[in-house]
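A short worksheet on the structure shown next.
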Amino acid sequence: MKDMFKIKSYVFLASAFLITVTVQVIAFEEKGVEKTETSPSNLDIMRHLMNSWSIRTKEKRSEPLAFVQDPVLRYTDPKYKMTDCAIWRLGKKGRPRAYVTVEMGNPRGNTGLATFEFLAVSEGPFRINGRGVSWQPWELGVDFKPLPGAPQPAATAPERLEQMKQLAIRFSAEEMLGREKIYLNLHPEPFDRYQPTDAKNSDAAVFLFERNSNPEVILFLETDGKKWSYGCGKLSATAVLVKLDKKEVWSNPKTSSRPKPDQVGYHWTNGYTAGRVVFQVPHKLRTTPVKAIPVQPIPARANLLKLKTKQLPVIQPKKVQPKAVQPKVKPQPPQPVSKPASNSSSHCC
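Offset between the sequence shown (1-based) and the numbering used here: plus 1185.
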């Protein structure tokens, strides 16, 4: 009897487990819970959006100007519900022509919203056209200047990287978020590296100053093998400021859709600008929605959760013969009693 009770307990626990899993899956599907980790499908969507743009330039090039197919940096910003973000590089060799950031949340169904930021880095006219995008910068978003007090560039790439890390520590950055001044954190490792010229020992690294994990200011450190230079640019609409050895060396005003006299408006000819686009997920990138697991009936003698239970003989219940029921007899109405007939021939005393 105790063993039979254990089997019934296993059946009940397994049923409760499956019901719990099913409820959780249904809740995930209905509420649309967003993932905190970066998703490969979102990366494919970003790549598809960028490759759908047309890029034109009047320069004579050995190969077309195009985006590198892998981002130079990926990050998230949960505070603003940006679950997957990336910085993409325009131009494969030398100093990049531009950086473009894509920030997006998980698409709802087949529709999503992406925020783009554009930063022109090097000289040369070009134009990017696409759905909701028509960027043709007439200026650079980065100012390059000689770096004072820098050492002689080292002879090897690893040594130059260490030099650039030490040079980056001399810089600090801050931004104005509303009326609040925020000091940005320097990311210790560069997110991109390139060779600006063909000269010997030519090298460059790109660092970023971030708020939480979101890049706000970019710092370029370059050498032609003989001397060092630096450049600053922003990937934020806020007003930003950069200091070198605690002295202000670069600043950029706030970018706004309704600019005040001390601000800059969003224009497709700016060295820095931004925009938002509603997009449709391509058919080839659409994933099958999550389906709930139906609850299946569990047989009483199943080997649940790989638990070996002792097989008990099945006890057949005794068959009880029903008692015969006597049919009810309808009562007959009482018969009238007849009086005895009088005998005329009888004698009295």
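Where a beta carbon is used, it is the ideal one built from N, C-alpha and C, also for glycine.
- Of the candidates ASP1377, LEU1352, GLY1416, ALA1342, ALA1342 places its Cα closest to the Cα of SER1387.
- Taking 8 Å as the cut-off, the Cβ atoms of PHE1392 and PRO1375 count as close.
- With contacts defined as CB atoms closer than 8 Å, GLU1401 and SER1414 fail to qualify as a contacting pair.
- The way I'd put it, the region 1299-1319 does touch the region 1231-1240; three or more beta-carbon pairs between them come closer than 8 Å.
- Looking at the DSSP output, SER1441 sits in a beta bridge with GLY1450.
- GLU1433 counts as exposed, since fewer than 16 other C-beta atoms from the protein chains shown sit within 10 angstroms of its C-beta.
- Put simply, the backbone Cα of LYS1245 is about 29 Å away from that of ALA1271.
- One thing to note: PRO1310 has its Cβ within 8 Å of the Cβ of THR1242.
- Residue pairing from DSSP leaves ASN1295 without any beta-bridge partner.
- In this structure, LEU1228 lies away from PHE1252, with their beta-carbon atoms at least 8 Å apart.
- In its chain, beyond the 5 residues on either side, ILE1272, ARG1274, PHE1376, ASP1377 have a beta carbon closer than 6 Å to the beta carbon of VAL1257.
- Distance check between PRO1333 and each of GLY1326, THR1408, GLY1294, GLU1248 places THR1408 closest, using alpha-carbon atoms only.
- Here DSSP, grouped into helix, strand and coil, assigns GLN1348 to helix.
- Take MET1289, set aside five residues on each side of it, and the residues of its chain with a beta-carbon closer than 8 Å to its own are ASN1227, ILE1230, MET1231, MET1267, THR1268, ASP1269, CYS1270, GLY1297, LEU1298, ALA1299, THR1300, in chain order.
- Taking 8 Å as the cut-off, the beta carbon of ARG1345 is found no closer than this to the beta carbon of ALA1353.
- The three-state reading of DSSP puts PRO1263 in helix, counting H, G and I together.
- With respect to the 8 Å criterion, GLU1395 and ASN1370 are classified as neighbours on the basis of their beta carbons.
- With respect to the C-alpha of PRO1249, the residue from GLY1456, GLY1416, LYS1278, ASP1262 having the closest C-alpha is LYS1278.
- If you look at LEU1393, you'll find it in the beta strand (DSSP E) that goes 1388-1396.
- The Cβ-Cβ distance between LEU1304 and GLU1359 does not fall below 8 Å.
- Per DSSP, the beta bridge partners of LEU1304 are TYR1284, TYR1457.
- In terms of Cα proximity to CYS1417, the closest of ARG1259, ALA1390, ARG1312 is ALA1390.
- In this structure, THR1423 and LYS1439 form a Cβ contact; the two beta carbons are roughly 6 Å apart against a cut-off of 8 Å.
- With a cutoff of 8 Å on beta-carbon distance, ASP1262 and ASN1397 are scored as near each other.
- Residue environment analysis places ASN1437 among the buried positions, since at least 16 neighbouring C-beta atoms fall within 10 angstroms of its C-beta.
- For PRO1336, there is no enclosing beta strand (DSSP E), as DSSP marks it with neither H nor E.
- Restricting attention to PRO1281, MET1361, TYR1368, the CA atom closest to the CA of GLN1380 is found in PRO1281.
- Nearest neighbour of ASP1430 by Cα position, chosen from GLN1351, PHE1464, GLN1448, turns out to be GLN1351.
- Comparing alpha-carbon positions, the option among ASN1399, VAL1327, LYS1330 lying closest to ARG1259 turns out to be ASN1399.
- Here DSSP, grouped into helix, strand and coil, assigns ALA1342 to helix.
- With contacts defined by Cβ atoms closer than 8 Å, GLN1465 and ASN1291 do not form a contacting pair.
- Note that the C-beta distance between ASN1455 and VAL1462 is not below 8 Å.
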